[in-house]
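Working notes for the structure below.
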Amino acid sequence: MCLDTALWAFLTASSAAMMMSAGFWDVRIRRVPDWHWAVIAAIGIICSSFLAWGKAPDLSVLAYAASSSMLAAYMLSERVPGILALPAAFAVSAWAWAETGYAGLFGPGIAFAAFLCMYVSGLIRGGADAKALMSLSLAFPSYPDIGGLPLFWPPSWPAASFLCLPLSVLALAAILTSVPMLFIGARNAFQGRQGRGMFTEFPMPTSEARSSFVWTLQDVEDGAVVRTAPSDDPGAISRLEGAGVQTVTVTPMVPFVAFLAAGLLVAVLLGNPLFALFREKGPGCGRLPDHVRPGTMYAIGILYKKYWMYIPLRGITYNILI
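When the letters of the sequence shown are read in order and numbered with the working numbering, they come out as residues 2 to 323.
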């Protein structure tokens, strides 16, 4: 086993172990200690820096390590203000690009910022969910290169140019969350409940809702029971109990970190089935052409009359398609 493969295997295994531990915490108490993300980010930055050394300009590798460390510090500590960490991290990357003409290690910062925006905008609700994806963004500038893996749907051109590993993990986790939704739908159908929220909500005794991992969808206003947005306000349960309501409609707090952990395992071991949808048929399709070397060049594919034309551009990205 060569050193690069060993580093990829160690990085992937340690990240998977941390994600599974985080998923266990999320299932048990719906909270995840931040040390999980610190371990993923630290091991990832160190291993990825070693993997990139000699394949990318030294200054670019140092800039990646420095900027990723800044972003990790912002993610893990309230003492590091985002108004300083985010511009500083991107300034370091931009300076390295200006000095070397190599922008290959911009990916982690861009993915980090994208997931942060998803969290701020409410597309990702849980702070632990966002931190899991942001730490994976810093740890994996590219897909892990482990011989024989993934087994079925390896990263393919051109989809891998935008569907980075953390985004694959998010997509797979979203698909996997359909399993409990189908279970809820089947139970509601068996009990004769249909219509709105059939796959996302169900009734339960009000007394049990207080100690369960659920959001209530009802409250009492002006003496009447009304439907509300999902809420974990314990006061809503008290008001419903005070009004004599025995059963409340709830929606479950999905332990999404557990699904992210499962998504990472699927992405690494089996691959992402979305790559099969984008892969072109025919010899040489679905991979970088032989004359394009990851780490020194990047190919932009332009689909024209069902043929890919590859245009190598120096220093646009690093190993994002592996």
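The beta carbon of each residue, even a glycine, is placed where N, CA and C say it ideally should be.
Just so we're clear, the structure is a prediction, and the values are computed from it rather than from any experiment.
Local conformation of R228 per DSSP, three classes: Here residue 228 corresponds to residue number 227 of the sequence shown, with the count starting at 1. R228: strand per DSSP, three-state reduction.
Cβ pair V251, F203 closer than 8 Å: Stepping through the sequence shown from its first residue, residue 251 is reached at position 250. Stepping through the sequence shown from its first residue, residue 203 is reached at position 202. For V251 and F203, yes; Cβs fall inside 8 Å.
Residue range of the unbroken beta strand (DSSP E) whose run includes M205: Along the sequence shown, one-based indexing puts residue 205 at 204. M205: member of the beta strand (DSSP E) spanning 203-206, first to last residue.
Helix, strand or coil at G45 according to DSSP, with G and I counted as helix: To locate residue 45, count along the sequence shown from 1; it is residue 44. Assignment of G45 by DSSP, reduced to helix, strand and coil, places it in the helix class.
Helix, strand or coil at L139 [DSSP, three-state]: Within the sequence shown, the letter at position 138 stands for residue 139. Of the three classes helix, strand and coil, the one that applies to L139 here is helix, per DSSP.
Bridge partner(s) assigned by DSSP for E222: Mapped onto the sequence shown, residue 222 falls at position 221. Its beta-bridge partners are A225.
W158 in three-state terms, based on DSSP: Numbered from its first residue, the sequence shown carries residue 158 at position 157. Correct three-state label for W158: coil.
Backbone secondary structure at T6 - three-state DSSP: Here residue 6 refers to the residue found at position 5 when the sequence shown is read from its first residue. Residue state, collapsed to three classes: helix.
Identity of the residue in P58, S232, M135 nearest F214 by Cα: Looking up residue 214 in the sequence shown gives position 213. Nearest of P58, S232, M135 to F214, Cα basis: S232.
Contact check, D146 vs T248, beta carbons under 8 Å: Here the question's residue 146 lines up with position 145 in the sequence shown. Here the question's residue 248 lines up with position 247 in the sequence shown. Their beta carbons are not under 8 Å apart, which means D146 does not touch T248 by this criterion.
Straight-line Cα distance separating S22 from E79: Taking the first residue of the sequence shown as 1, we reach residue 79 at position 78. Taking the first residue of the sequence shown as 1, we reach residue 22 at position 21. So the two alpha carbons sit approximately 23 Å from each other.
Close-in-space but distant-in-sequence residues of the same chain around A17 (CB under 8 Å, 5 per side omitted): Your numbering for residue 17 matches position 16 in the sequence shown. Counting only residues of its own chain and dropping the five nearest sequence neighbours on each side, A17 has a CB closer than 8 Å to the CB of A262, L265, L266, V269.
Whole-Å CB distance - A133 paired with W38, under 8 Å assumed: The sequence position of residue 133 within the sequence shown is 132, counting from 1. The sequence position of residue 38 within the sequence shown is 37, counting from 1. Contact between A133 and W38 holds: their C-beta atoms lie close to 7 Å from each other, under 8 Å.
Per DSSP, the bridge partner or partners of G272: As a first step, residue 272 must be located in the sequence shown, where it is residue number 271. W154, per the DSSP bridge assignment.
contact_flag[the segment 160-170, the segment 64-74] where n(CB pairs < 8 Å) is 3 or more: With contact defined as three or more Cβ pairs closer than 8 Å, the segment 160-170 and the segment 64-74 are not in contact.
From A57, R32, M135, A225, residue whose alpha carbon lies closest to that of A244: The sequence position of residue 244 within the sequence shown is 243, counting from 1. For the set A57, R32, M135, A225, the Cα lying nearest the Cα of A244 is the one of A225.
Counterpart residues of V1 in DSSP-defined beta bridges: Past the boundaries of the shown model lies residue 1; the chain is included only from 2 to 323, so the question cannot be answered.
Whole-angstrom distance between M182 and W9, CA atom to CA atom: Counting from 1 along the sequence shown, the entry for residue 9 is found at position 8. Counting from 1 along the sequence shown, the entry for residue 182 is found at position 181. Answer to the nearest angstrom: the Cα atoms are 35 Å apart.
Three-way DSSP call (helix, strand, coil) for L261 in this model: Numbered from its first residue, the sequence shown carries residue 261 at position 260. L261 falls in the helix class under three-state DSSP.
Best match in L60, F11, S212 for proximity to A43 [C-alpha to C-alpha]: Stepping through the sequence shown from its first residue, residue 43 is reached at position 42. Selected option, being the one with the closest Cα: F11.
Minimum length 3: unbroken beta strand (DSSP E) runs contained in the segment 40-122: DSSP runs (the beta strand (DSSP E)) wholly in the segment 40-122: none.
Close-in-space but distant-in-sequence residues of the same chain around P34 (CB under 7 Å, 5 per side omitted): For the purposes of this step, residue 34 is identified with residue 33 of the sequence shown, where counting begins at 1. Closer than 7 Å at Cβ, skipping near neighbours: W26.
Separation of F107 from R188, as counted between CA atoms: As a working mapping, residue 188 is identified with position 187 in the sequence shown. As a working mapping, residue 107 is identified with position 106 in the sequence shown. Approximately 47 Å between the Cα atoms of the pair.
Distance CB(Y41)-CB(S136) smaller than 8 Å: Numbered from 1 along the sequence shown, position 40 holds the residue referred to as residue 41. Numbered from 1 along the sequence shown, position 135 holds the residue referred to as residue 136. Inspection of the sequence shows that residue 41 is occupied by Ile rather than by Tyr. A contact, by the Cβ cut-off of 8 Å.
Close Cβ partners of G272 (< 6 Å) along its chain, the five nearest in sequence each way excluded: Indexing the sequence shown from 1 puts residue 272 at position 271. For G272, where only same-chain residues beyond five positions count, the Cβ hits under 6 Å are P151, F153, W154, P155.
Residues of its chain near P284, where Cβ-Cβ distance is below 6 Å and the 5 sequence neighbours each way are ignored: Here the question's residue 284 lines up with position 283 in the sequence shown. Annotation note: pLDDT 42 at P284 (below 50); position unreliable, coordinate value reported separately. Take P284, set aside five residues on each side of it, and no residue of its chain has a beta-carbon closer than 6 Å to its own.
Same chain, Cβ closer than 7 Å to L77, five either side skipped, listed in chain order: For the purposes of this step, residue 77 is taken as the residue at position 76 of the sequence shown. Short of 7 Å from the beta carbon of L77, and not among the five residues preceding or following it, lie these beta carbons of its own chain, in chain order: D35, W38, A39.
Test item: CB-CB of A190 and G24 under 8 Å: Position 189 of the sequence shown, counting from 1, holds the residue named residue 190. Position 23 of the sequence shown, counting from 1, holds the residue named residue 24. The Cβ atoms of A190 and G24 lie no closer than 8 Å to each other.
Sub-8 Å separation of L241 and T207 beta-carbons: On the sequence shown, residue 241 is found 240 positions in, with the first residue counted as 1. On the sequence shown, residue 207 is found 206 positions in, with the first residue counted as 1. Between L241 and T207, the C-beta gap is smaller than 8 Å, which places the two residues in contact.
Residue nearest to A90 in terms of C-alpha spacing, selected from I111, L52, G105: Numbered from its first residue, the sequence shown carries residue 90 at position 89. Here the closest residue by C-alpha is I111.
Within 8 Å, strictly: CB atoms of A97 and L60: Mapped onto the sequence shown, residue 97 falls at position 96. Mapped onto the sequence shown, residue 60 falls at position 59. Yes, these two residues count as a Cβ contact at 8 Å.
For P167, the first and last residue of its enclosing alpha helix (DSSP H): Position 166 of the sequence shown, counted from the first residue, corresponds to residue 167. Per DSSP, P167 belongs to the alpha helix (DSSP H) from 166-177.
Alpha-carbon to alpha-carbon, S162 and Y75: Within the sequence shown, residue 75 is the residue found at index 74, counting from 1. Within the sequence shown, residue 162 is the residue found at index 161, counting from 1. Taking C-alpha positions only, Y75 is separated from S162 by approximately 27 Å.
Where S179 falls, given that 16 or more other Cβ within 10 Å makes a residue buried: Your numbering for residue 179 matches position 178 in the sequence shown. The residue in question, S179, is exposed, as its Cβ has fewer than 16 Cβ neighbours within 10 Å.
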